[in-house]
Amino acid sequence: MESTTESPFPKVAQLLSALFVVGFLIDGKPHKQLLALHDKYGPIVRIADNEISFIYPDAWKDNNGHRKGSVPENTKEPLAILGNEHNLFGANLEDHNHMRRVLSHGFSMQAMKDQQPLISTHVDLLLQRLRTHSARGTRPVDMVSWYNRVTFDVISDLSWGEPLGCLEKEQDHPWIVALGHTVKYQLYLGIAKRFPPLTPLLKAFIPKELTRLEQENFALAAANVEKRIALADSRTDFMESMIRQKGEREIQKHEMVSNAFLLMLGGSETSATALSAVTYFLTSHPTVLSKLTHEVLSTFQTEEEININSVQNLPYMLAVLDETLRLNPPLPGYSPRVVHKGGDTFNGVFIPEGTVIGIPQWPMYHSSQNFTLPESFIPERWLGDPRFASDQREARKPFSYGPRNCIGMNLAYTEMRIILARIIWNFEMRLSDESRKWTEEQQAWVVWDKPALKVYLTPRDSIPSKA
Numbered sequence: 030m031e032s033t034t035e036s037p038f039p040k041v042a043q044l045l046s047a048l049f050v051v052g053f054l055i056d057g058k059p060h061k062q063l064l065a066l067h068d069k070y071g072p073i074v075r076i077a078d079n080e081i082s083f084i085y086p087d088a089w090k091d092n093n094g095h096r097k098g099s100v101p102e103n104t105k106e107p108l109a110i111l112g113n114e115h116n117l118f119g120a121n122l123e124d125h126n127h128m129r130r131v132l133s134h135g136f137s138m139q140a141m142k143d144q145q146p147l148i149s150t151h152v153d154l155l156l157q158r159l160r161t162h163s164a165r166g167t168r169p170v171d172m173v174s175w176y177n178r179v180t181f182d183v184i185s186d187l188s189w190g191e192p193l194g195c196l197e198k199e200q201d202h203p204w205i206v207a208l209g210h211t212v213k214y215q216l217y218l219g220i221a222k223r224f225p226p227l228t229p230l231l232k233a234f235i236p237k238e239l240t241r242l243e244q245e246n247f248a249l250a251a252a253n254v255e256k257r258i259a260l261a262d263s264r265t266d267f268m269e270s271m272i273r274q275k276g277e278r279e280i281q282k283h284e285m286v287s288n289a290f291l292l293m294l295g296g297s298e299t300s301a302t303a304l305s306a307v308t309y310f311l312t313s314h315p316t317v318l319s320k321l322t323h324e325v326l327s328t329f330q331t332e333e334e335i336n337i338n339s340v341q342n343l344p345y346m347l348a349v350l351d352e353t354l355r356l357n358p359p360l361p362g363y364s365p366r367v368v369h370k371g372g373d374t375f376n377g378v379f380i381p382e383g384t385v386i387g388i389p390q391w392p393m394y395h396s397s398q399n400f401t402l403p404e405s406f407i408p409e410r411w412l413g414d415p416r417f418a419s420d421q422r423e424a425r426k427p428f429s430y431g432p433r434n435c436i437g438m439n440l441a442y443t444e445m446r447i448i449l450a451r452i453i454w455n456f457e458m459r460l461s462d463e464s465r466k467w468t469e470e471q472q473a474w475v476v477w478d479k480p481a482l483k484v485y486l487t488p489r490d491s492i493p494s495k496a
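Going by our numbering, the first residue of the sequence shown is number 30, and it counts up by one from there.
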């Protein structure tokens with residue numbers, strides 16, 4: 030490993046370099062390996078003969094920011110967008126901008142306010158299920174499963190006008206299973222394509238179950254798109270804007286299907302991960318949980334007061350969520366890009382064209398180069414605590430940055446605040462001993478492979494007017 034591009038890279042064959050990256054990707058802990066490399070070599074580290082990792086804060090602007098004049102963007106690395114070439118994540122800039130314009134209205138704060146009754150209906154059902162399964166605090170419940178179910182029902186309802194019934198049936202929909210395995214399949218496929226002469230052989234080693242579930246995922250997406258298109262009535266969902274669009278460049282059906290997959294993954298998996306993580310951190314830090322409980326119970330007189338507008342007035346909750354997204358970002362790795370023709374400059378270092386570059390979130394946020402006490406869960410760092418005056422707060426970009434940042438940020442924050450506030454209003458939470466090492470047991474496969482998070486939920490017998 031080398032600290033900058035100016036240092037001579039060891040003269041190893043490209044094959045060995047690629048093999049290193051493969052091993053790096055599939056051991057489930059690449060985020061920790063990357064942090065160790067950055068701790069040793071600094072904010073710019075070459076991790077392969079043609080691949081560089083950045084964790085200095087301004088890398089977001091240098092790599093992902095809006096370009097001036099005719100300077101082209103650094104495009105997504107082809108092997109990292111396999112299966113996503115026709116959606117917001119992987120499309121070329123022109124197609125991306127068009128899709129984003131079509132979809133943007135549905136993700137505005139006003140749209141979220143308009144959809145509040147729909148979101149509240151699903152949260153109501155979540156709380157009913159938690160009351161039943163918690164057995165008044167005598168039996169731990171797996172919060173990962175229930176967060177997956179509620180976020181999946183919300184995003185499916187927002188996407189094409191009906192939930193998939195995870196909460197109603199009290200079980201995971203096949204799509205939940207298929208989504209996670211599709212991400213893993215795409216990772217394995219990208220690895221196979223790193224070795225062109227051996228690609229057909231390596232593809233044969235991809236587990237057949239992953240291949241089947243990847244196909245099932247897109248079949249489910251296609252079926253739901255077809256069903257939604259067939260509806261004659263107009264609904265205020267995300268698909269409506271794509272179906273009823275007018276103009277020279279209409280979004281094609283295969284693009285709708287690909288975006289449906291992306292919406293389901295981005296709108297469910299990431300929010301469920303953040304909610305699971307914040308529940309773990311709160312139940313692992315009783316003092317923080319007590320402060321947040323006080324804020325929620327002292328702000329609202331009744332549960333009905335908890336809504337999209339009112340949860341914006343919970344500063345400590347926002348700090349808790351911000352700290353959670355720092356310590357456990359839903360996307361722990363990076364979305365690699367390729368330096369444009371003519372090369373580019375990062376932190377004063379010239380990087381030649383064709384170089385693969387990335388900004389890994391988990392190492393960026395856990396580095397002592399960027400944050401004081403980086404491994405500690407301390408929400409006060411986001412509230413002006415002088416102990417953290419030197420923190421590089423601009424380094425934290427859990428929803429990415431620039432013209433390709435996450436379109437669903439408003440939805441994610443709204444959903445997390447409402448669900449968390451209402452759970453705290455209704456229950457006292459206590460972490461089960463079997464989940465004490467929950468974050469350590471996670472594995473990173475683009476998104477997190479999360480173990481069960483067992484929590485005891487005891488309904489509050491009475492809610493005081495002031496905590």
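Positions of the beta carbon are idealized from the N, C-alpha and C atoms, including for glycine.
Exposed or buried, what is H115 when buried is set at 16 or more other beta-carbons lying within 10 Å of its beta-carbon?
-> buried
Would a C-beta distance cut-off of 9 Å place I549 and R451 closer than the cut-off?
-> What is shown of the chain runs 30 to 496, which leaves residue 549 out entirely.
Looking only at C-alpha atoms, which of P480, W474, R489 sits nearest to T211?
-> W474
What's the call for W477, buried or exposed, on a 16-neighbour Cβ count within 10 Å?
-> buried
Report yes if the C-beta distance between V367 and I386 is below 9 Å; otherwise report no.
-> yes
Which partner residues of K105 appear in the DSSP bridge assignment?
-> R366
Reference Q421, options Y394, E463, V286, closest by Cα = Y394
What separation, rounded to the nearest whole angstrom, lies between the Cα atoms of G383 and K320?
-> 50 Å
With 16 as the cutoff for other CB atoms within 10 Å, does A424 come out buried or exposed?
-> buried
Please report how far the alpha carbon of T353 lies from the alpha carbon of R130, in whole angstroms.
-> 30 Å
Going by DSSP, name the residue or residues bridged to K483.
-> D171
Span of the beta strand (DSSP E) around S82 = 80-83
If we count Cβ pairs, one from each stretch, closer than 8 Å, do we get three or more for the stretch 435-450 versus the stretch 289-301?
-> yes
Test item: CB-CB of W454 and R489 under 9 Å = yes
Count the other CB atoms within 10 Å of the CB of N92; is the residue buried (16 or more) or exposed (fewer)?
-> buried
Can you tell me the Cα-Cα spacing of M271 and D462, whole angstroms?
-> 47 Å
Out of F290, P365, G135, which has the shortest C-alpha to C-alpha gap to E102?
-> P365
Would the beta-carbon of L132 fall within 9 Å of that of L117?
-> yes
Going by CA-CA distance only, name the one from M141, P359, V179 that's closest to L449.
-> V179
Pairwise C-alpha distance: N79 and R165 | 56 Å
Which runs of the beta strand (DSSP E) spanning at least 3 residues fall entirely within the stretch 357-412, listed in chain order?
-> 373-375, 378-380, 385-387
Assign F234 to one of two classes, buried (16 or more other C-beta atoms within 10 Å of its C-beta) or exposed (fewer than that).
-> exposed
Can you tell me the Cα-Cα spacing of W122 and D143, whole angstroms?
-> Reading off the sequence shown, one finds Leu at residue 122, where the question assumed Trp. Taking the straight line joining both Cα atoms gives about 30 Å.
May I ask you to list the residues that DSSP assigns as paired with F456?
-> P488
Return the CA-CA distance between Y345 and Q215, expressed in angstroms with no decimal places.
-> 38 Å
Taking the continuous beta strand (DSSP E) assigned at I73, which residues delimit it?
-> 73-77
Determine the direct distance from the alpha carbon of T308 to that of A481, and round the result to whole angstroms.
-> 12 Å
Three-way DSSP call (helix, strand, coil) for Q472 in this model = strand
With a 10 Å radius around its C-beta and 16 neighbouring C-beta atoms as the bar for buried, classify V349 as buried or exposed.
-> buried
Of all the options M438, P146, L460, Y85, which has the alpha carbon lying nearest to the alpha carbon of S137?
-> M438
In chain order, what residues of the same chain have a beta carbon less than 7 Å from the beta carbon of A251, not counting five sequence neighbours either side?
-> V286
Identify whether D462 lies in helix, strand or coil by the three-state DSSP scheme.
-> helix
When DSSP labels each residue in this structure, what does D478 get in the three-state scheme?
-> strand
Could you give the residue range of the alpha helix (DSSP H) that holds H314?
-> Premise fails: H314 is in no alpha helix (DSSP H) and is neither H nor E.
Expected contact under 8 Å - CB spacing of L111 and G209 to nearest Å | So it is not a contact: roughly 16 Å between Cβ atoms.
Alpha-carbon to alpha-carbon, R75 and L486 = 46 Å
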